[in-house]
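First residue of the sequence shown? That's 13 in our numbering, and the numbers climb one at a time after it.
Note that CB positions come from ideal geometry on N, CA and C, so glycine has one too.
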Amino acid sequence: MKRLLIIALAVMPLSLMAQSEWELPDDMKAKMQESKKEQKESTALSHKNSGSDIVRIDPKYAAGTVPEVNGKVEWDKTITASGKSADELYDRALKAIQAMAKDTIQSKDSRIAAVNKSEHIIAAKFDEEMVFSSSFLSKDYTRFRYTLIANCEDGAVNLRLCRISYEYNVNKKEIYTAEEWITDSKAINRKGTKLYPLSGKFRRKTIDRVEEIFRYFSQTIK
Numbered sequence: 013m014k015r016l017l018i019i020a021l022a023v024m025p026l027s028l029m030a031q032s033e034w035e036l037p038d039d040m041k042a043k044m045q046e047s048k049k050e051q052k053e054s055t056a057l058s059h060k061n062s063g064s065d066i067v068r069i070d071p072k073y074a075a076g077t078v079p080e081v082n083g084k085v086e087w088d089k090t091i092t093a094s095g096k097s098a099d100e101l102y103d104r105a106l107k108a109i110q111a112m113a114k115d116t117i118q119s120k121d122s123r124i125a126a127v128n129k130s131e132h133i134i135a136a137k138f139d140e141e142m143v144f145s146s147s148f149l150s151k152d153y154t155r156f157r158y159t160l161i162a163n164c165e166d167g168a169v170n171l172r173l174c175r176i177s178y179e180y181n182v183n184k185k186e187i188y189t190a191e192e193w194i195t196d197s198k199a200i201n202r203k204g205t206k207l208y209p210l211s212g213k214f215r216r217k218t219i220d221r222v223e224e225i226f227r228y229f230s231q232t233i234k
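Here is the structure:
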């Protein structure tokens, strides 16, 4: 008889037990409450993790931040300098480019390639060291090459940074163009949620460097 009673209690719905005089022992109640708490926390954590699985790219490096003109990666910036003539801005831009070419990160190949004083145009080629990381034992870097064109007019200087390429692992001569390496389709995954590890670091450093170059000219030309 006792065995039948135990089985009946085991299968009895909790709602029925709550409406009768039968109740669970205190230790069993505590275990059930703890189990419910753990299940609730687990569900909340699951919801939280489902959202954090999406890796968000810093807006500075996200889709659309590497401009393309007719399929070529090309940055363009106009620096306004009210009251300055084209001749004056040409001289300032020329001095700024000459100084930049002598920077310690530049190679001997960085130089002014051509000028047209009557049209107020300066074209320069740069070959500089772009460092990703550096320590006492090793340095991860690439040769960053590009063309910079300054077109001066009364009250403004237009800068165009184009023809970008990289020479990585210099001993192995791994050469990439910006078009095949740092564009949205090459550096960002299909979901648009993260940068690829290798091309992504080139994209970040290039965007940072271009921003730095334009800031330098904004400060020296005005």
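- Looking only at Y178, C174, K206 and N183, the smallest Cα-Cα distance to D70 is reached by K206.
- In the same chain as K198, and ignoring 5 residues on each side of it, the C-beta atoms closer than 7 Å to its own belong to E192 and S211, in chain order.
- No Cβ-Cβ contact shorter than 8 Å links T232 with A168.
- Positions of the beta strand (DSSP E) runs, each at least 3 residues long and wholly inside the region 186-222, are given as 186-189 in order along the chain.
- Contact annotation: the region 149-157 does not touch the region 77-87, with fewer than three C-beta pairs closer than 8 Å.
- Within the model, the alpha-carbon separation for S130 versus A105 is close to 14 Å.
- Counting every other CB atom within 10 Å of its CB across the protein chains shown gives N163 a total of 16 or more, marking it as buried.
- Residue state for R123 is assigned as strand, using DSSP reduced to three classes.
- Looking from the CA of E179, the closest CA among L171, N201, I134 and A190 belongs to A190.
- Excluding residues up to 5 positions away in sequence, I91 lie with their Cβ nearer than 6 Å to the Cβ of S230 in the same chain.
- Between the alpha carbons of R216 and A98 lies a distance of about 34 Å.
- In this structure, E140 is the residue among A135, S146, A75 and E140 with its C-alpha nearest to the C-alpha of R221.
- Distances from the CA of R68 to each of Y228, F214 and Y208 were compared; the closest alpha carbon is that of Y208.
- Of the candidates I219, I161 and R227, I219 places its Cα closest to the Cα of F144.
- Per the C-alpha coordinates, the member of K234, S122 and M112 positioned closest to E224 is M112.
- Residues K137, C174 and R175 of the same chain have their beta carbon placed closer than 6 Å to that of T159, with the five preceding and five following residues left out of the count.
- In this structure, the beta-carbon distance from L101 to A93 falls below 8 Å.
- Within the same chain, Cβ atoms closer than 6 Å to the Cβ of S122 are found at A113, F138 and D139, the five residues on either side in sequence being excluded.
- For I117, the secondary structure class from DSSP, reduced to helix, strand or coil, is coil.
- The alpha carbon of N183 has as its nearest neighbour, out of A135, A75 and R155, the alpha carbon of R155.
- Counting only residues of its own chain and dropping the five nearest sequence neighbours on each side, N201 has a CB closer than 7 Å to the CB of Y208.
- Secondary-structure assignment with DSSP links M142 through a beta bridge to T154.
- Secondary-structure assignment with DSSP links S177 through a beta bridge to R157 and T189.
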